[in-house]
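Contents: one structure, followed by commentary.
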Amino acid sequence: MSKTINLINLANLEKAYVDCIDGTTTNSSVFVQNMILREYEQDTKNPNLFAICLRLCGNNRHMDAVRLTDFDIPPICAALLQKPCITVLDLRYNRITDTGANVIAAFLKEDKLMEELNLMGNNITEVGASEIASSLKVNSTLKELHLAKLDMRDFGAERIAEAMDCNQTLELLDISGNRVARDGAMSLSRAIMADCSLVILDLAFNRIQCAGAIALASALLTNTKLKV
Numbered sequence: 292m293s294k295t296i297n298l299i300n301l302a303n304l305e306k307a308y309v310d311c312i313d314g315t316t317t318n319s320s321v322f323v324q325n326m327i328l329r330e331y332e333q334d335t336k337n338p339n340l341f342a343i344c345l346r347l348c349g350n351n352r353h354m355d356a357v358r359l360t361d362f363d364i365p366p367i368c369a370a371l372l373q374k375p376c377i378t379v380l381d382l383r384y385n386r387i388t389d390t391g392a393n394v395i396a397a398f399l400k401e402d403k404l405m406e407e408l409n410l411m412g413n414n415i416t417e418v419g420a421s422e423i424a425s426s427l428k429v430n431s432t433l434k435e436l437h438l439a440k441l442d443m444r445d446f447g448a449e450r451i452a453e454a455m456d457c458n459q460t461l462e463l464l465d466i467s468g469n470r471v472a473r474d475g476a477m478s479l480s481r482a483i484m485a486d487c488s489l490v491i492l493d494l495a496f497n498r499i500q501c502a503g504a505i506a507l508a509s510a511l512l513t514n515t516k517l518k519v
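Here's what the structure looks like:
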């Protein structure tokens, strides 16, 4: 999709979003609308535009941020499918749970444009992380996925490792601070040995233990492109 088409869709994204919420006004909806309009205003002035980012992070005090909940996610995703234009979606530090993650996963299965998604610091457990993992088996555009500071544990990490057998585009995966232990690390090591598409894998602040670390180190002996 060309830069021109992206900007045309971005110009119409706010209206599409309003239609998706049936005109209902809340603090969250006002925040989302303002951020869409702000992005359009900035991007139309940028001759070197290479990415269109919708910054909906809940900890941005300078933008009068509101922490989004599961209720806010369906209309955002619906509007983005109607008017595809966003290549980077920043949803850090909101109050999204597994319910919202399920909606986002369904969106990723249909979206053909998103290259970076940040869900860091939300209330997503291994259940929601598994739903996101399932979308990676289908999605062919996402290059960066930030899932730091969630609660995916081994089960979520194992599902992501399984998804990497099918995914050929994801290059950066951040699952730091997720209480991933030995079993999750060993599953990821098998994905690495299978020459998955990852270039950067962030596993900081987990609980991978000696066995997990040894498995990852062994996998790196056969993978020359990955940095852990």
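Sequential numbering of the sequence shown, starting at 292, is according to our numbering. C-beta atoms are modelled at their ideal positions from N, C-alpha and C, and glycine is treated no differently. Keep in mind it's a predicted model, so treat the numbers as computed, not measured.
Counting the other CB atoms within 10 Å of its CB gives I296 a total below 16, which places it among the exposed residues.
Around S488, the same chain offers M455, N458, Q459, T460, L461 and E462 as residues with beta carbons nearer than 8 Å, after the five sequence neighbours per side are excluded. If you check the CB distance, K400 and N300 do not come in under 8 Å. When beta bridges are read from the DSSP output, R346 appears opposite D381. Separation of the CB atoms of D474 and L438 is rounded to 17 Å, and the pair is thereby denied contact status at 8 Å.
In this structure, G349 and N385 form a Cβ contact; the two beta carbons are roughly 4 Å apart against a cut-off of 8 Å.
CA-CA distance, I312 to M411, rounds to 25 Å. Looking at the DSSP output, R386 shares a beta bridge with T360. The DSSP assignment places complete alpha helix (DSSP H) segments of no fewer than 4 residues inside the segment 435 to 489 at 444 to 454 and 473 to 484, in order along the chain. Rounded to whole angstroms, D402 and T360 show a C-alpha spacing of 21 Å.
One Cα belongs to L494, the other to K516, and the distance between them is close to 16 Å.
At the C-beta level, L371 and F341 stay beyond 8 Å of one another. Between D442 and E417, the gap from beta carbon to beta carbon is short of 8 Å. By the criterion of a C-beta distance shorter than 7 Å, Q500 is surrounded in its chain by A472 and R473, once the five residues flanking it on both sides are discounted. Distance from the Cα of A452 is smallest, within the candidate group L427, I387, R346 and E435, for L427.
In terms of Cα proximity to D381, the closest of M326, L345, S431 and A510 is L345. The beta-bridge partner set that DSSP reports for E407 consists of V379 and E435. Taking 8 Å as the cut-off, the Cβ atoms of S478 and A448 count as close.
For R444, the number of other beta carbons within 10 angstroms of its own is at least 16, and it is reported as buried.
Residue pairing by DSSP places D493 opposite D465 in a beta bridge.
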